[in-house]
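Oh and the first sequence: position 39 is 39 in the UniProt record's numbering, straight run, nothing missing.
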Amino acid sequence: MSWTDERVSALKKLWAEGHSASQIAKQLGGVTRNAVIGKVHRLGLSGRATPSRPVKRPPRLARPKPRVLPDGSVKVPSPQVPERPAEAPRTVIERQEPLAPLPPLAMDDGEPATILTLRDSMCKWPIGDPADPKFAFCGRKADCGPYCAEHAKVAFQPARKRDSKRGEYDYVRRIAG
DNA sequence: CCCTGATTCGC
DNA sequence: GCGAATCAGG
1 MSWTDERVSA
11 LKKLWAEGHS
21 ASQIAKQLGG
31 VTRNAVIGKV
41 HRLGLSGRAT
51 PSRPVKRPPR
61 LARPKPRVLP
71 DGSVKVPSPQ
81 VPERPAEAPR
91 TVIERQEPLA
101 PLPPLAMDDG
111 EPATILTLRD
121 SMCKWPIGDP
131 ADPKFAFCGR
141 KADCGPYCAE
151 HAKVAFQPAR
161 KRDSKRGEYD
171 YVRRIAG
C-alpha cells in the first residue's frame, strides 16, 4: 500500500481525533503502526494537543546493529561516534552521605556520656557496640527530640527496603528505636 | 507482556 | 519518502 491522498487525509483526521498509531494502522489497513508513526512524523504533526507530555528523553545513541543481507552475509556497521560536544554543566546535589561518624562528646570528666551520665537534654545517639565497655552516647545538645541536629537527620530518614544494602546506622536505629 | 510515541537509518 | 527495528516509558 502507498500513501495516497485519501489515506493521508484519513491519517491526518484520525490522528487529529486522538487515535493511536496502532488504531490508525488497523483502520487504514496495509500498514503497521510504525508506518503510521513514521508518516505522522514526516508530515510534521507528531505533537498532538496533549499538554501532558513531559516525556523528554536525551537523544538516543546510534544503533550499531549487525544486519543480515538478503544474500546471507552479515554487515556490521562501525559504531557511530557518541558525539559528546560539551558535558552539561551538571549541578550535582550532594546526597547527605553516611556522614562521618560523629564521635561522642566528652563530658566534663573527659569521658563520653554513658547510660549513667546521659541527661534528657543530651543526644541519645548510641555510639559503638552496646556490648563494648567503651559504648557511649553522642551527648551533644538535643534541641528538638532525643537527638542532636546531626543525628536527627540520620535517625529520621525514611526506612530502607528490607533487602537493600544495610546502612551503617541500621543497627543503631534498631537499638535506638 | 500489553501498550504508547520517538528515533535511527538502510532501503 | 518509507517503515522495521529499536528504544524509552506507562
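Backbone N, C-alpha and C define an ideal beta-carbon position, used for all residues, glycine too. Bear in mind the structure is a predicted one, so any value in this text is a computation, not a measurement.
Check	Outcome
Limits of the unbroken alpha helix (DSSP H) element including H41	33-43
Separation of A142 from S20, as counted between CA atoms	59 Å
Distance, S22 Cα to L14 Cα	11 Å
C-alpha distance - I127 paired with R48, whole-angstrom precision	59 Å
Boundaries (first-last residue) of the alpha helix (DSSP H) holding E150	149-155
Local conformation of residue 178 per DSSP, three classes	Coverage of the chain is limited to positions 1 through 177, which leaves residue 178 absent and any answer about it impossible.
K124 (DSSP reduced to helix, strand or coil)	coil
At least 3 beta-carbon pairs within less than 8 Å: the region 111-118 vs the region 129-145	yes
Same chain, Cβ closer than 7 Å to K39, five either side skipped, listed in chain order	W3, L11
Residue from W125, A131, R33, A106 whose Cα sits closest to the Cα of A155	W125
Delimiting residues of the alpha helix (DSSP H) encompassing W15	5-16
Residue 251 in three-state terms, based on DSSP	Only positions 1 to 177 of the chain appear in this structure, which leaves residue 251 out of reach.
Residues near Q27 in its chain [Cβ-Cβ closer than 6 Å; skip 5 each side]	none
Top-ranked residue by Cα proximity to G18, from D5, L45, G145, V31	L45
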